[in-house]
Every structure is written in structure tokens, then in C-alpha cells.
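Trainee: The structure under discussion is supplied below as C-alpha cells; questions concerning it will follow.
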Amino acid sequence: MRVGVIVTAAGSGARLGAAVPKALVTVGERTLLEHAVARALSVADELVVTAPESHLEHVRTLVNPLVEQSEQRDVETILSVVRGGASRQDSVNAGLAALGDVDLVLVHDAARAFAPMALFRDAVAALESGHGAVIPALPVVDTIKRADAELRVTGTVDRSELWAVQTPQGFRRELLERAHTEGAGTGATDDAALVEALGEPVQLIPGHEDAFKVTTPRDFALAESLMAKGHFDE
Ligand code: C5P
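Here it is in C-alpha cells:
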């Protein structure tokens, strides 16, 4: 089955306070986007990157050589760089519209730059085994409380039912397209939520701690130090 990967990199990185979009901040010698794309290429027949309008050319210049030099697969990956939207959901929609002939779609946040290739392969394998929607997840380790506006605790949530989800999230293409059409404008923070809203099953697969979202300066420091130690396995 042909696999398309949408790498979302159109966020402004406002929380980070950097001068460039977060996906274009470097860790080691490469931007987060390049780290993410290098790994996504392990499964991508087609790759769509959503970029901020101001950085479309820059993103093309960064990603194109990775695609051309990729020796991970025998086939040539088709690359598109498209303008992202105002929200992540709008960006994924723009990415979906740019996909050509693919059966399966993985949606991956550039900010989860170090998600290992094995996670991409696991997601594709789970889809090929018959699931319509699969998302990597790790059990929540903290005890989670509910609280009211005055910060008074109103309850403790049963942690055994809670999962922290990551990307790449994988879908049969037609299911993801239907989910995005019917869920347009709902501001979902991940794609699986749109599939859930259709009442269709979503399957968890084991996530990976390297797939953490690089968001704050502390996350960048952690990523730098793990990279310097040679920790990240492509
Ligand atoms: O802001 P947040 O970290 O939740 O964004 C998750 C991912 O979605 C990031 O990789 C970001 O670049 C991307 N994004 C996007 N278009 C937007 C907002 C976020 O592609 N409008």
C-alpha cells in the first residue's frame, strides 16, 4: 500500500519565543523539521510538509536535498511543500489536499522530531494489518487530579485508563479525509479526535519516549544533550 506522510511544520513557535518558526530551530546540525523528515522518509512514498507562508522557499530548500539523497528506500519519494493554515487542523487539511496516489496517511508533528523510524514502521504495519486509525501512546505516569477554578481538588482520575498520545498518527486515507470534512472547524488538537467523533475505532500502539514534543527551551536542552550523547536512533 502506498504511504503518504504529512509533516506539520506551520506552527509559529510562540511558546518558545524564538525568532523563527519552531520547526526551523536547530538541534545539533539540523532543524527539527529535517530531523523529522529524515525519519519520516523511512516509510513515505509521498511527503507533504506544511510550512508557514513566510518560509515556504526556505523549507523547500531544507527538505528537498533530504528527499533526493534518501537512500532508505528504492522508490523515489514525491515531495510537496504547502502553506499551512491558521490552526493545526487547517494545516493537515491543506496537506491532505496535496496528496496524490496513496492509500495510507501518517500525520506527524515536526516538533516530535526524534520519533524513531521504528514508530513510523509500526504505524504502517498496524494499518496494513487492518486498523483504520492507529496512534502511538504511552501510559501517563503522574497522578492526575481534577480541580475547580479556585484550585480546590475535586477528584483523582483513574490513571490506568489514561494515555499520552504522540505522532505519527496513521489512518486509512478515506477515513482521515471523511474525519476532516465532517469535523471541519472544530479545532481538534489531534487527528484521531476527528475519527473518534465519527464513532470509528482508534487503536493505540506502543509509543516511544523519544517521540516527545520539543516545545520549551528545556525540551531543546534535553534534545541537544541526548543528541550529543548519540542517543537518538534514526
Ligand atoms: O503548537 P503545537 O506544538 O501543538 O503544534 C503541533 C504541530 O503542528 C507543530 O509541528 C506545528 O508546526 C504544527 N502546526 C501547523 N500549523 C499550525 C499550527 C501548528 O502545522 N497552524
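Residues 1 to 234 in our numbering are what the sequence shown spells out, letter by letter. Where is the CB? At the ideal position from N, CA and C, for every residue including glycine.
#1: Does the segment 5-14 come close enough to the segment 44-59 to have 3 or more Cβ pairs within less than 8 Å?
#2: What are the boundary residues of the alpha helix (DSSP H) that Thr61 is part of?
#3: Shorter than 7 Å, the distance from the beta carbon of Ser87 to the closest heavy atom of the ligand C5P, or not?
#4: Mind pulling the alpha helix (DSSP H) runs of 4 or more residues that sit fully within the segment 137-202?
#5: If you compare alpha carbons, which of Ile205, Arg146, Pro206, Pro116 is closest to Ser42?
#6: Thinking C-alpha only, which one of Glu224, Phe212, Arg172 is nearest Met1?
#7: Among residues of its own chain, excluding the 5 on either side of Asp109, which ones have a beta-carbon nearer than 7 Å to its beta-carbon?
#8: Buried or exposed for Asp169, please, with buried defined as at least 16 other CB atoms from any protein chain shown within 10 angstroms of its CB.
#9: Flag this pair as yes or no: are the beta carbons of Gly4 and Leu127 separated by less than 8 Å?
#10: Determine the extent of the alpha helix (DSSP H) in which Leu104 is found, giving its start and end residues.
#11: Mind checking whether the beta-carbon of Lys229 lies closer than 7 Å to any heavy atom of the ligand C5P?
#12: Compute the minimum distance between the beta carbon of Lys22 and the heavy atoms of the ligand C5P, and state whether it is under 7 Å.
#13: Report all residues from its chain with a CB closer than 6 Å to the CB of Gly207; omit the five preceding and five following residues, and keep chain order.
#14: Would you list the residues sitting across from Val3 in a DSSP beta bridge?
#15: Output the boundary residues of the beta strand (DSSP E) element that contains Ser80.
#16: Given this structure, state the Cα-to-Cα distance separating Val75 from Val124, to the nearest angstrom.
#17: Since Val107 and Asp191 should fall inside the 8 Å C-beta cutoff, what is the C-beta to C-beta distance between them, to a whole number of angstroms?
#18: Let me check understanding here. Comparing Cα to Cα, which of Arg60, Gly13, Glu29 lies closest to Ala223?
#19: Looking at the ligand C5P, does it come within less than 7 Å of Thr294, judged from the CB to the closest heavy atom?
#20: Expressed to the nearest angstrom, what Euclidean distance is found between the alpha-carbon atoms of Arg178 and Glu46?
#21: Per DSSP, what kind of secondary structure is Arg112 in: helix, strand or coil?
#22: Ordered along the chain, which non-local residues of its own chain (more than five positions away) have a Cβ less than 6 Å from that of Leu33?
#23: Any idea if Gln89 is buried or exposed, counting beta-carbon neighbours within 10 angstroms, 16 or more meaning buried?
#24: Give the secondary structure of Leu204 by DSSP, where H, G and I count as helix, E and B as strand, and everything else as coil.
#25: Are there any heavy atoms of the ligand C5P lying less than 7 Å away from the beta-carbon of Ser91, as far as the coordinates show?
Mentor: Reading off the structure:
#1: yes
#2: For the purposes of this step, residue 61 is taken as residue 61 along the sequence shown, with counting starting at 1. Per DSSP, Thr61 belongs to the alpha helix (DSSP H) from 56-69.
#3: One-based indexing of the sequence shown puts residue 87 at position 87. The answer is yes for Ser87.
#4: 173-182, 191-197
#5: Locating residue 42 in the sequence shown gives position 42, where the first residue counts as 1. Of Ile205, Arg146, Pro206, Pro116, the residue nearest in Cα terms is Pro116.
#6: One-based indexing of the sequence shown puts residue 1 at position 1. The shortest C-alpha separation from Met1 is found at Arg172.
#7: For this step, residue 109 is matched to residue 109 along the sequence shown. Same-chain partners within the cutoff: Thr8, Thr167, Lys213.
#8: By one-based count along the sequence shown, residue 169 stands at place 169. Inspection of the sequence shows that residue 169 is occupied by Gln rather than by Asp. So Gln169 counts as buried.
#9: What you label residue 4 is simply residue 4 of the sequence shown in a count that begins at 1. What you label residue 127 is simply residue 127 of the sequence shown in a count that begins at 1. Not in contact: Gly4 and Leu127 (Cβ atoms no closer than 8 Å).
#10: Along the sequence shown, one-based indexing puts residue 104 at 104. Looking at the DSSP string, Leu104 is not in any alpha helix (DSSP H); the run it does join, the beta strand (DSSP E), is 104-109.
#11: On the sequence shown, position 229 is the one that residue 229 refers to. Result no, Cβ not under 7 Å from the ligand C5P.
#12: The residue given as residue 22 occupies position 22 in the sequence shown. Indeed, a heavy atom of the ligand C5P lies less than 7 Å from the Cβ.
#13: The residue you call residue 207 lines up with position 207 of the sequence shown. Correct list, in chain order: Pro136, Ala137, Leu138, Gln166.
#14: As a position in the sequence shown, residue 3 is number 3, starting the count at 1. DSSP output for Val3 lists Leu104 as bridge partner(s).
#15: Residue numbering aside, residue 80 sits at position 80 when the sequence shown is read from its first letter. Where Ser80 is concerned, the enclosing beta strand (DSSP E) stretches over 78-83.
#16: For the purposes of this step, residue 75 is taken as residue 75 along the sequence shown, with counting starting at 1. For the purposes of this step, residue 124 is taken as residue 124 along the sequence shown, with counting starting at 1. Computed Cα separation, rounded: 17 Å.
#17: Position 107 of the sequence shown, counted from the first residue, corresponds to residue 107. Position 191 of the sequence shown, counted from the first residue, corresponds to residue 191. Right, their Cβ atoms sit about 5 Å apart.
#18: Within the sequence shown, the letter at position 223 stands for residue 223. The shortest C-alpha separation from Ala223 is found at Glu29.
#19: Look at the range of the chain in this structure, 1 to 234, and you will see that residue 294 is not part of it.
#20: In the sequence shown, the residue the question calls residue 178 occupies position 178. In the sequence shown, the residue the question calls residue 46 occupies position 46. Distance between the alpha carbons of Arg178 and Glu46: 20 Å.
#21: On the sequence shown, residue 112 is found 112 positions in, with the first residue counted as 1. Of the three classes helix, strand and coil, the one that applies to Arg112 here is coil, per DSSP.
#22: Taking the first residue of the sequence shown as 1, we reach residue 33 at position 33. Closer than 6 Å at Cβ, skipping near neighbours: Ala9, Ala23, Ala110.
#23: Stepping through the sequence shown from its first residue, residue 89 is reached at position 89. Flag for Gln89 reads buried.
#24: Looking up residue 204 in the sequence shown gives position 204. DSSP places Leu204 in strand when its eight states are reduced to three.
#25: Your numbering for residue 91 matches position 91 in the sequence shown. Yes, Cβ of Ser91 sits closer than 7 Å to a heavy atom of the ligand C5P.
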